[in-house]
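To keep things clear, I will list the structure first and then write my remarks on it.
Residue numbers (our numbering): 9 to 275.
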């Protein structure tokens, strides 16, 4: 499945041109029903975030000036990956699936991610599940957190490099995970962590950047997930009630997405 989110074409950073990047969003899941109906899949959720981030840049930009966006559903169609020479940047979304399992589509995603990173040209962005996939592709161990679920808005302590990249002293970001990257990959520069999850953000210059949280999530998106998972018995009452109080807290999603754009454009 291919979805053209933004018209146009470009050649990205490798050519040294000012043409828009060819950004590929790899959709590793389908959003909850209300979110899916509003945005049209995670491609719509991320396009909305990146549009806001481009508008917040100095000077403000249109997303079409920054990137042409295509999206592929990699869960339902493993054959949908484009050749890497047709891509300048890749964004791997979050997912309810488990990044350390060996389902065929996950193994294919990990290998495609590794090849993209090793190309030395393609810049890869990972969010939540995507963060974990990058970790796995780069040889880090993954697992389930002993601390349980981290949900709704939490604070992440940033390293000096993290403060420089994100232009923040401390990161506030929506969360929805209990799987984690257990160690920073050997080639990565740590960008941030907290007591719940020490590996919250990582970076390799010109190769990849990733965050465990969800800069693309709004309070409405998080509230829908919390409510449906509470009804399904995944979240106990105390976890649900606490998270619903924190879901509306202001967070740094747009600022984080600006850092993603800067990384995709400049490394």
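Backbone N, C-alpha and C fix where the C-beta goes; we use that ideal spot for every residue, glycine too. Since the model is a prediction, treat every value here as computed from it, not as a measurement.
Count the other CB atoms within 10 Å of the CB of residue i; is the residue buried (16 or more) or exposed (fewer)?
{"i": "residue 274", "result": "exposed"}
{"i": "residue 17", "result": "Reliability fails at residue 17, whose pLDDT of 34 lies under 50, so the model's placement of it is uncertain and the value that follows must be treated cautiously. The residue in question, residue 17, is exposed, as its Cβ has fewer than 16 Cβ neighbours within 10 Å."}
{"i": "residue 68", "result": "exposed"}
{"i": "residue 15", "result": "Low local confidence applies: a pLDDT of 30 at residue 15 is under 50, so the model's placement there is unreliable, and no value is given."}
{"i": "residue 26", "result": "exposed"}
{"i": "residue 97", "result": "buried"}
{"i": "residue 193", "result": "buried"}
{"i": "residue 266", "result": "buried"}
{"i": "residue 268", "result": "buried"}
{"i": "residue 8", "result": "One cannot answer for residue 8 here, as it falls past the ends of the chain, which runs 9 to 275."}
{"i": "residue 94", "result": "exposed"}
{"i": "residue 107", "result": "buried"}
{"i": "residue 241", "result": "exposed"}
Take residue i as the anchor and find which of the options has the nearest alpha-carbon.
{"i": "residue 105", "options": "37, 89, 50 and 257", "result": "37"}
{"i": "residue 160", "options": "233, 51 and 69", "result": "233"}
{"i": "residue 174", "options": "252, 55, 246 and 218", "result": "218"}
{"i": "residue 264", "options": "252, 221 and 254", "result": "221"}
{"i": "residue 252", "options": "128, 79, 158 and 153", "result": "158"}
{"i": "residue 139", "options": "170, 216, 93 and 113", "result": "216"}
{"i": "residue 254", "options": "42, 137 and 225", "result": "225"}
{"i": "residue 257", "options": "246, 193 and 182", "result": "182"}
{"i": "residue 205", "options": "213, 193, 195 and 186", "result": "186"}
{"i": "residue 155", "options": "72, 247 and 49", "result": "247"}
{"i": "residue 271", "options": "112, 39, 129 and 34", "result": "129"}
{"i": "residue 50", "options": "34, 112 and 70", "result": "34"}
Hey, residue i and residue j: beta-carbon distance below 8 Å or not?
{"i": "residue 180", "j": "residue 250", "result": "no"}
{"i": "residue 197", "j": "residue 210", "result": "yes"}
{"i": "residue 168", "j": "residue 201", "result": "no"}
{"i": "residue 99", "j": "residue 148", "result": "no"}
{"i": "residue 223", "j": "residue 135", "result": "yes"}
{"i": "residue 83", "j": "residue 28", "result": "no"}
{"i": "residue 32", "j": "residue 87", "result": "no"}
Could you give the residue range of the alpha helix (DSSP H) that holds residue i?
{"i": "residue 164", "result": "It is not in any alpha helix (DSSP H) - residue 164 instead sits in the beta strand (DSSP E) that spans 158-166."}
{"i": "residue 112", "result": "112-126"}
{"i": "residue 178", "result": "Not the alpha helix (DSSP H): residue 178 falls in the beta strand (DSSP E), residues 178-185."}
{"i": "residue 227", "result": "227-239"}
{"i": "residue 133", "result": "Careful: residue 133 lies outside any alpha helix (DSSP H), inside the beta strand (DSSP E) at 131-135."}
{"i": "residue 38", "result": "Premise fails: residue 38 is in no alpha helix (DSSP H) and is neither H nor E."}
{"i": "residue 60", "result": "50-63"}
Cβ of residue i within 7 Å of any heavy atom in the ligand MG?
{"i": "residue 191", "result": "Judged by which ligands are present, the structure shown has none, so any question about the ligand MG falls away."}
Name the two residues that bound the continuous beta strand (DSSP E) containing residue i.
{"i": "residue 201", "result": "197-201"}
### Message
Closer than 8 Å is the cut-off here; do at least three beta carbon pairs connect the segment 139-149 with the segment 226-241?
### Response
Verdict: no, contact absent.
### Query
Does the count of Cβ pairs from the segment 50-64 and the segment 115-130 closer than 8 Å reach three?
Result no; under three Cβ-Cβ pairs closer than 8 Å.
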